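Asks:
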Amino acid sequence: MKGPLLVLGVIAAASSSGPLVAVALGTDAQGVDLLVRLAGPSAAHPLGTDELGRDVLLRVLEGGRVSLAIGGIAALAAAALGSLIGLTAGYLGGWADRILMRATDGVIALPLLPLLIVLAALDLTKLGVPQDWVQSEQITLMRIIALVALVGWTTAARLVRSATLVTRNQDFVRAARSLGAPVPHILLWHILPNAAGPLVVATALSVGDIILLESVLSFLGLGIQPPMASWGSMLSNAQELIATAPLLAIYPGAMIFSTVMSCNLLGDAFHKRLDPRLAGP
Amino acid sequence: MIRFTAIRLVEIIAVLALMSFVIYALIGLMPGDPIDLMRAADPRTSAADIARLKAIYGLDRPLIDRYFAWAGAALAGELGYSRLFAAPVLVVLLPRLVNSLLLMGASFALAFSAALALGIAAARRPGSRLDAVINLLSFAGISMPSFWLALLLMLLFAVELGWLPASGIASAGGGGAGDRIRHLVLPVATLTLASLGPYTRFARAAMRDALAQAHIRTARAKGAGEMRVVIHHALRSALIPLVTLLALSFGGLVSGALVTETMFSYPGMGKLIFDAVMGNDYNLALASLLLATAVTLAANLAADLAYFGLDPRVSLR
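Protein chains in written order, with this note's numbering: chain V, 1 to 281; chain S, 1001 to 1317.
#1: Does DSSP put Ser162/V in a helix, a strand or coil?
#2: Less than 7 Å separating the beta-carbons of Pro1187/S and Thr1262/S?
#3: When the Cα of Gln1213/S is compared with those of Ala1203/S, Thr1200/S, Val1229/S, Tyr1199/S, which residue comes out closest?
#4: Using three-state DSSP, classify Pro1088/S as helix, strand or coil.
#5: Just by C-beta distance, which residues in the stretch 222 to 247 of chain V are closer than 7 Å to chain S?
#6: Find the residues of chain V that neighbour Asn1099/S, judging by a C-beta separation of less than 7 Å, and give them in chain order.
#7: Only counting the same chain, and skipping five residues up and downstream in sequence, which positions put a Cβ closer than 8 Å to that of Leu5/V?
#8: For Thr1296/S, would you say it is in contact with chain V, using Cβ-to-Cβ distances shorter than 7 Å as the test?
#9: To the nearest angstrom, how far is the alpha carbon of Leu1246/S from that of Tyr1199/S?
#10: Which runs of the alpha helix (DSSP H) spanning at least 4 residues fall entirely within the stretch 165 to 191 of chain V, listed in chain order?
#11: Which chain S residues sit within Cβ distance under 7 Å of Ser215/V?
#12: Taking Cβ to Cβ, would you say Thr164/V is nearer than 7 Å to Ile191/V?
#13: How is Ala74/V classed by DSSP in three states: helix, strand or coil?
#14: Use the C-beta contact count for Leu20/V: other C-beta atoms within 10 angstroms, 16 or more gives buried, fewer gives exposed.
#15: Does DSSP put Val1188/S in a helix, in a strand, or in coil?
#16: Between the alpha carbons of Gly280/V and Leu1196/S, how many angstroms are there, rounded?
#17: How would you label Pro130/V, buried or exposed, when you count the other beta carbons within 10 angstroms and need 16 or more for buried?
#18: Mind checking the stretch 1013 to 1024 of chain S against chain V and listing, in chain order, the residues whose C-beta falls within less than 7 Å of any C-beta there?
#19: Quick one: which chain S residues come within Cβ less than 7 Å of Asp123/V?
#20: My assumption, with CB atoms under 8 Å, is that Leu103/V sits in contact with Thr155/V. Please give the rounded CB distance.
#21: Thinking C-alpha only, which one of Pro41/V, Ala13/V, Leu58/V, Gly9/V is nearest Trp231/V?
#22: Chain V partners of Ser1255/S, CB-CB under 8 Å?
#23: What distance in whole Å lies between the Cβ atoms of Val1277/S and Ala1285/S, which are believed to be in contact at a cut-off of 8 Å?
#24: Count the other CB atoms, across all protein chains shown, that sit within 10 Å of the CB of Arg1129/S; report buried if there are 16 or more and exposed otherwise.
#25: Note down, in chain order, every chain V residue with its Cβ under 8 Å from the Cβ of Ile1273/S.
#26: Do you know whose CA, among Ala12/V, Asp209/V, Asn169/V, Ala77/V, lies nearest Leu61/V's CA?
#27: I'd like to know whether the C-beta atoms of Pro1145/S and Leu212/V end up nearer to each other than 7 Å.
#28: At 4 residues or longer, and completely inside the stretch 51 to 115 of chain V: list those alpha helix (DSSP H) runs for me, N to C.
#29: Can you tell which of Arg1313/S, Pro1312/S, Leu1301/S, Asp1311/S has the C-alpha that lies nearest to the C-alpha of Phe1004/S?
#30: Helix, strand or coil, according to DSSP, for Thr155/V in the structure here?
#31: Would you verify that the beta carbon of Asn1300/S is, or is not, closer than 7 Å to some beta carbon of chain B?
#32: In terms of alpha-carbon separation, which member of Ser1167/S, Ile1142/S, Ser1143/S lies closest to Leu1153/S?
#33: Restricting to Cα atoms, I'd like to know which of Ala1123/S, Ala1109/S, Arg1124/S, Ala1121/S is closest to Ala1189/S.
#34: Looking at the strands, I want to know which residues DSSP matches up with Ser1082/S.
#35: Less than 6 Å between C-beta atoms, sequence neighbours within five positions excluded: which residues of the same chain meet that for Leu8/V?
#36: Which of the residues in the stretch 1057 to 1077 of chain S, read from start to end, lie with their CB under 7 Å from any CB of chain V?
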């Protein structure tokens, strides 16, 4: 458990110190310098430069900030949406439960990436969002987080639903109901905390998958938009230069791989620790 | 079983109908519309011309009307014309569906057999060094971005070594079956390796549960050989949960194929969906998305039916 934690810690610390490194190097992640395009490693550019002369190290670090932030926030958003759906299904029961659980099964079975591509390509101005908003960084980030939440809620929904089914008729919930507590209060204060353990583990385990999904979308040109750096979009630029500058394709990919691998190993260790049946070899 | 299949088929049709409406509505929200493109192509188009064009294409009618008009035509086999390829949608779709099924089928078969072998090897000696190595490798497989894997394979085998072509489906001018296969190697390898991680974990978990069951001890006590115990007694019961998990992973296989095909410019459904969505080819995007969904759901149903065959406790009425 220490290894992955250490790797993740180093990546997080390095990514968040990106702005400091930028000051030390005297440029920033967007700084274009066409005179030193595709340069090799040097004192001014420790990992060299890309096809526009931007510093690769700074872009890798900025990509790390973006990926980790999206991984964390989107995991929480997906867990929140899943909890809402799980609570509704479990508490209402009957038809609502059946429909919501069929929808959950459906989302798990469908080919999600093709559908996400359609959603990612939507023109938000046709929905009445102002033009300058659509092009802002915040909207780009929020759009990715919304897309991830839209496909990532199923595990949380199932866990919360089963916890709700177990607790909804227990004495403390009946007591709260007979005292006249409103339903949202019962759901949030009396039922949801009973699902907290597995929900936290599932959310932690999902961070790696979410970072992968974000990098695929950015790689396809549908996630993080330039000039903001992301590991996925750096790889998509590197693909065109693979014969001349192969190293550009190595760094971002290695970062995605080691981050996601650490997240997954950490989540697995966490899972085993909390579930004694899985302990041992 | 006929009743079950019938219910599932009705469900699949309902899901496809719902999806077709959602996708139809969403596609209208994608950037650019055909009339804008025509106006851009010919700046002399007047406002009256545009109104007339909209009437011709039915774009002045409400969404629901347009959807039902499209659905009626689609059910009659009339899927419209692809703007991007300047050909009827079906003509564009079918050869690419065959290419994709070839890629996905080969990768699934390879990944499934390799995962079974690895899973059995790991599950037979839980906690051994071999188990730990296989576990770590399957985590690596799960954590590997498939497009990076594709880039690395391309870099090694196409750029550095020059052994295999990096993209396409055949050399210019065509080169027979050997050439086709050479073009398939890297895409199939990418999709196989990308699927291998999760499959191995499924197989290992299913085999471990199966080997811990009482009937395995009985079989050993009665003197059955190791080979017979593992293959005949354990694998048969492990296949039941395994098939359920694999059924749910077909959607992932289609998503993986999309990335792989896009990376290697392999003319399959995945790349077609991507190109159609990016190129505002409404008819083609709709039809190809629905076809990909239908294939996934059909594979799902096939896995469920296999489950009925595998599990003797479920009656085959």
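Each residue gets a CB set at the ideal place from its N, CA and C atoms; glycine is no exception. Here the structure is a predicted model, which is why all the values come from computation and not from measurement.
Replies: So, from the listed chains and residues:
#1: Mapped onto the first sequence, residue 162/V falls at position 162. Assigned with DSSP and collapsed to three states, Ser162/V falls in helix.
#2: The residue given as residue 1187/S occupies position 187 in the second sequence. The residue given as residue 1262/S occupies position 262 in the second sequence. No, they are not a contact pair.
#3: Locating residue 1213/S in the second sequence gives position 213, counting from the first residue. Comparing Cα-Cα distances from Gln1213/S to each of Ala1203/S, Thr1200/S, Val1229/S, Tyr1199/S, the minimum goes to Val1229/S.
#4: Start at 1 with the first residue of the second sequence, and residue 1088/S comes out as number 88. Per DSSP, reduced to three states, the secondary structure at Pro1088/S is strand.
#5: Residues of the stretch 222 to 247 of chain V with a C-beta atom less than 7 Å from some C-beta of chain S are Leu235, Gln239, Ile242, Ala243, Pro246, listed in chain order.
#6: Mapped onto the second sequence, residue 1099/S falls at position 99. Within chain V, no residue comes near Asn1099/S; the closest Cβ sits about 16 Å away, beyond 7 Å.
#7: Within the first sequence, residue 5/V is the residue found at index 5, counting from 1. If you ignore the 5 residues before and after Leu5/V, its C-beta comes within less than 8 Å of the C-beta of Ser262, Leu266, all in its own chain and listed in chain order.
#8: Locating residue 1296/S in the second sequence gives position 296, where the first residue counts as 1. Taking CB atoms only, Thr1296/S has a neighbour in chain V less than 7 Å away.
#9: In the second sequence, residue 1246/S corresponds to position 246, counting from 1. In the second sequence, residue 1199/S corresponds to position 199, counting from 1. About 8 Å.
#10: Counting whole runs of 4 or more residues, the stretch 165 to 191 of chain V contains the alpha helix (DSSP H) stretches 171 to 178.
#11: Stepping through the first sequence from its first residue, residue 215/V is reached at position 215. By Cβ distance, chain S contributes Pro1145.
#12: Position 164 of the first sequence, counted from the start, is the residue given in the question as residue 164/V. Position 191 of the first sequence, counted from the start, is the residue given in the question as residue 191/V. With contacts defined by Cβ atoms closer than 7 Å, Thr164/V and Ile191/V form a contacting pair.
#13: Position 74 of the first sequence, counting from 1, holds the residue named residue 74/V. Ala74/V falls in the helix class under three-state DSSP.
#14: As a working note, residue 20/V is residue 20 in the first sequence. Of the residues assessed, Leu20/V falls on the exposed side of the cut-off, its CB having fewer than 16 other CB atoms within 10 angstroms.
#15: Start at 1 with the first residue of the second sequence, and residue 1188/S comes out as number 188. Helix.
#16: As a working mapping, residue 280/V is identified with position 280 in the first sequence. As a working mapping, residue 1196/S is identified with position 196 in the second sequence. Reliability of the predicted coordinates at Gly280/V is poor, the pLDDT of 48 falling under 50, and no value is obtained from them.
#17: Position 130 of the first sequence, counted from the start, is the residue given in the question as residue 130/V. Pro130/V should be labelled exposed.
#18: Within the stretch 1013 to 1024 of chain S, the residues whose Cβ lies closer than 7 Å to some Cβ of chain V are Val1015, Ile1023, listed in chain order.
#19: Position 123 of the first sequence, counted from the first residue, corresponds to residue 123/V. Residues of chain S passing the Cβ test: Leu1029, Met1030, Pro1031.
#20: The residue given as residue 103/V occupies position 103 in the first sequence. The residue given as residue 155/V occupies position 155 in the first sequence. Note that residue 103/V is Ala in the sequence shown, not Leu. Rounded to the nearest angstrom, the Cβ distance from Ala103/V to Thr155/V is 14 Å, too far for a contact under 8 Å.
#21: Counted from its first residue, the first sequence places residue 231/V at position 231. For Trp231/V, the nearest C-alpha among the options comes from Leu58/V.
#22: Counting from 1 along the second sequence, the entry for residue 1255/S is found at position 255. Within chain V, the residues near Ser1255/S are Pro111, Leu112, Leu113, Pro114.
#23: Numbered from its first residue, the second sequence carries residue 1285/S at position 285. Numbered from its first residue, the second sequence carries residue 1277/S at position 277. Yes, Ala1285/S and Val1277/S are in contact; Cβ-Cβ is about 5 Å, under 8 Å.
#24: Counted from its first residue, the second sequence places residue 1129/S at position 129. With fewer than 16 other Cβ atoms within 10 Å, it is exposed.
#25: Your numbering for residue 1273/S matches position 273 in the second sequence. At a C-beta separation below 8 Å, Ile1273/S has these neighbours in chain V: Pro114, Ile117.
#26: The residue given as residue 61/V occupies position 61 in the first sequence. Among Ala12/V, Asp209/V, Asn169/V, Ala77/V, the Cα nearest to that of Leu61/V is on Ala12/V.
#27: Here the question's residue 1145/S lines up with position 145 in the second sequence. Here the question's residue 212/V lines up with position 212 in the first sequence. Contact flag set, yes.
#28: As summarised for the stretch 51 to 115 of chain V, the continuous alpha helix (DSSP H) elements at least 4 residues long and confined to that stretch are 56 to 92, 94 to 109, given in chain order.
#29: Residue mapping note: residue 1004/S aligns to position 4 of the second sequence, counting from 1. Ranking Arg1313/S, Pro1312/S, Leu1301/S, Asp1311/S by Cα distance to Phe1004/S puts Leu1301/S first.
#30: Along the first sequence, one-based indexing puts residue 155/V at 155. Note: Thr155/V maps to helix in three-state DSSP.
#31: Absent from the structure is chain B; the protein chains it does hold are V and S.
#32: The residue labelled residue 1153/S in the question sits at position 153 within the second sequence. When only C-alpha atoms are compared, the closest one is Ser1167/S.
#33: Position 189 of the second sequence holds residue 1189/S. Of the listed residues, the one whose Cα sits closest to Ala1189/S is Ala1109/S.
#34: In the second sequence, residue 1082/S corresponds to position 82, counting from 1. Bridge pairing for Ser1082/S: Ala1087/S [DSSP].
#35: Indexing the first sequence from 1 puts residue 8/V at position 8. Within its own chain, the residues whose Cβ lies closer than 6 Å to the Cβ of Leu8/V, once the five positions on either side in sequence are excluded, are Ser262, listed in chain order.
#36: For the stretch 1057 to 1077 of chain S, the beta-carbon criterion of a distance under 7 Å to any beta-carbon of chain V is satisfied by none of its residues.
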